[in-house]
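J.:
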Amino acid sequence: MSTGLGSGLADVSPARIWLAGCGQMGSALLGRWLACGLPAERVTVIDPAPRRDALPEAVRCYVSPAAIPVDDDRPDLLVLGIKPQTLPEASAALVAALGARGASPLLVSMLAGVRVATLSHLFPGCPVARLMPNLAVRVGKGATALHAPGLGERERATLEALLAPTGLVVSLDDETRFDAVTALSGSGPAFLFRFVEALAGAGEAAGLPHETAVALAQQTVIGAAALAELSGLSPTDLRQQVTSPHGTTEAGLDVLDGDGALSALLRATIRAAAERSRALAAAAEAAVDSASPRPAAAA
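Under our numbering, think of the first position of the sequence shown as 11, with each following residue one higher.
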């Protein structure tokens with residue numbers, strides 16, 4: 011699994027990491043950490059169906075927290091990559107496993123919509139941080155939002171060291187903005203991949219062979235992204251460089267921008283994803299309240 015990136019995380023990473031849920035996002039984050047020097051023997055994956063063939067042999071895998079041997083090293087970091095709707099049941103099992111070891115690890119949640127207050131209620135005594143990464147963390151080009159109120163200096167340094175090799179990290183003071191982040195950069199890669207599919211399909215409809223259209227569409231997006239990253243110019247400046255007056259690009263942009271169609275479509279897309287994030291938060295918190303009612307506030 012080595013990529014020649016050295017052992018950058020070997021000296022700064024936690025002694026023991028539990029990753030609860032190792033789906034696409036969890037495996038992307040873990041894969042990047044391992045590639046950047048995190049020792050595999052420090053990692054325990056908890057997942058009912060772990061992708062064992064995609065993990066180094068030294069990574070320990072268990073189907074549930076209860077299956078972890080009691081004498082296993084207690085975690086310093088617990089990463090939640092489970093589905094939000096499974097949180098009440100999963101958190102109870104994890105808290106029981108942590109309690110058996112006297113552990114109160116740094117809790118890092120990637121759950122869409124689930125607030126810090128809810129996580130702190132479910133994992134008492136654990137310092138809590140929220141992340142919203144995207145799939146590009148796998149190759150060190152991710153965009154991650156971080157909300158970590160009240161972390162101590164040591165926990166924050168650990169988290170910053172782990173996130174540094176994953177790409178751009180943006181800190182959010184206002185947790186309510188996580189729904190917009192989830193919609194924009196969390197879901198954004200899927201929107202972009204869908205655009206590439208549509209662009210290739212349009213090329214095919216214009217007469218190109220399927221394979222050629224796909225290759226050109228994909229490389230066009232790769233090249234444009236590299237220009238955006240390396241040129242130092244804004245997207246507006248770059249668009250204007252490509253657009254000659256009365257040329258082919260302008261003709262196409264007239265269709266995309268006609269009646270504000272593209273902007274309206276993307277606003278509706280982001281709004282729908284953000285509303286879904288808020289709905290997931292409400293459902294998760296309702297499930298938590300139902301499973302373990304919070305004490306009534308004092309009058």
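Every residue, glycine too, gets a C-beta built ideally from N, C-alpha and C.
#1: Taking 8 Å as the cut-off, does the stretch 112–125 touch the stretch 152–171 (at least 3 CB pairs, one atom from each stretch)?
#2: Residue 28 and residue 88: beta carbons closer than 9 Å?
#3: Rounded to the nearest angstrom, what separates residue 256 and residue 190 at their Cα positions?
#4: For chain C, find out if any of its Cβ atoms is closer than 9 Å to the Cβ of residue 36; answer yes or no.
#5: Going along the chain, which unbroken runs of the alpha helix (DSSP H) with 4 or more residues stay wholly within the stretch 35–118?
#6: Would you identify the three-state DSSP class for residue 139, choosing helix, strand or coil?
#7: Using 10 angstroms around the beta-carbon of residue 203, count the other beta-carbons present and answer buried if the total reaches 16, otherwise exposed.
#8: Is DSSP giving residue 300 helix, strand or coil here?
#9: Using only CA atoms, which one of 35, 59, 63, 72 lies nearest to residue 53?
#10: What residues are listed by DSSP as bridge partners for residue 27?
#11: Does the distance from the C-beta atom of residue 175 to that of residue 160 stay below 9 Å?
#12: Taking the alpha-carbon positions, what's the residue 309 to residue 288 distance?
#13: Within its chain, find whatever has a CB closer than 7 Å to the CB of residue 126; leave out the 5 residues flanking it on each side and keep chain order.
#14: So for residue 156, helix, strand or coil by DSSP?
#15: If residue 90 and residue 31 are in contact, beta carbons under 8 Å, what's the gap, nearest whole angstrom?
#16: Could you have a look at residue 181 and say whether DSSP puts it in helix, strand or coil?
#17: Quick one: what's got a C-beta closer than 6 Å to residue 192's C-beta in the same chain, skipping five residues either side?
#18: What residue does the alpha helix (DSSP H) around residue 128 start on, and which one ends it?
#19: Whole angstroms is fine: what's the gap from residue 380's alpha carbon to residue 81's?
#20: Pick out whichever of 129, 35, 165 has its Cα sitting closest to the Cα of residue 146.
#21: So, for residue 306: in the same chain, excluding its five sequence neighbours on each side, which residues have a beta-carbon less than 8 Å away from its beta-carbon?
#22: Taking the alpha-carbon positions, what's the residue 152 to residue 183 distance?
#23: Work out the CA separation of residue 283 and residue 274 for me, nearest whole Å.
#24: Please classify residue 298 as buried or exposed, where buried requires at least 16 neighbouring CB atoms within 10 angstroms.
#25: Using the three-state DSSP reduction, which class does residue 226 fall into: helix, strand or coil?
#26: Buried or exposed: residue 165, going by 16 or more other Cβ atoms within 10 Å of its Cβ?
#27: Between 134, 279, 178, which has its C-alpha nearest residue 200's C-alpha?
#28: Quick one: using the 10 Å Cβ neighbour count with 16 as the cut-off for buried, is residue 254 buried or exposed?
T.: Short version:
#1: Flag = yes, the stretch 152–171 and the stretch 112–125 touch.
#2: Their beta carbons are under 9 Å apart, which means residue 28 touches residue 88 by this criterion.
#3: Rounded to whole angstroms, residue 256 to residue 190 spans 36 Å at the Cα level.
#4: Within the model displayed, chain C is absent; a lone protein chain is all it includes.
#5: Along the stretch 35–118, the alpha helix (DSSP H) occurs as fully enclosed runs of 4 or more residues at 97–111, listed in sequence order.
#6: If DSSP states are grouped into helix, strand and coil, residue 139 belongs with the strands.
#7: Within a 10 Å sphere around the beta-carbon of residue 203 sit fewer than 16 other beta-carbons, which makes this residue exposed.
#8: It is helical.
#9: Out of 35, 59, 63, 72, 72 has the C-alpha closest to the C-alpha of residue 53.
#10: Note: residue 27 sits in a beta bridge opposite 53, 87.
#11: No.
#12: The predicted model places residue 309 with a pLDDT of 35, which falls under 50 and marks its position as unreliable; any figure quoted below should be read in that light. CA-to-CA, the gap between residue 309 and residue 288 works out to about 29 Å.
#13: Around residue 126: 138, 140, 157, 159, 185.
#14: Here residue 156 sits in strand by DSSP.
#15: Yes, residue 90 and residue 31 are in contact; Cβ-Cβ is about 7 Å, under 8 Å.
#16: Here residue 181 sits in strand by DSSP.
#17: Around residue 192, the same chain offers 122, 142, 287 as residues with beta carbons nearer than 6 Å, after the five sequence neighbours per side are excluded.
#18: Taken as a continuous stretch (DSSP letters only), the alpha helix (DSSP H) holding residue 128 covers 126–132.
#19: In the structure as shown, the chain begins at 11 and stops at 309. Residue 380 is therefore absent and cannot be evaluated.
#20: Of 129, 35, 165, the smallest CA-CA separation from residue 146 is found for 35.
#21: Reliability of the predicted coordinates at residue 306 is poor, the pLDDT of 43 falling under 50, and no value is obtained from them.
#22: About 20 Å.
#23: Cα-Cα distance, rounded: 14 Å.
#24: Under this definition residue 298 is a buried residue.
#25: Annotated three-state conformation of residue 226 is helix, per DSSP.
#26: Classification of residue 165: buried, given that the 10 Å Cβ count is 16 or more.
#27: Comparing Cα-Cα distances from residue 200 to each of 134, 279, 178, the minimum goes to 279.
#28: Looking at its Cβ environment, which holds fewer than 16 other Cβ atoms inside 10 Å, residue 254 is exposed.
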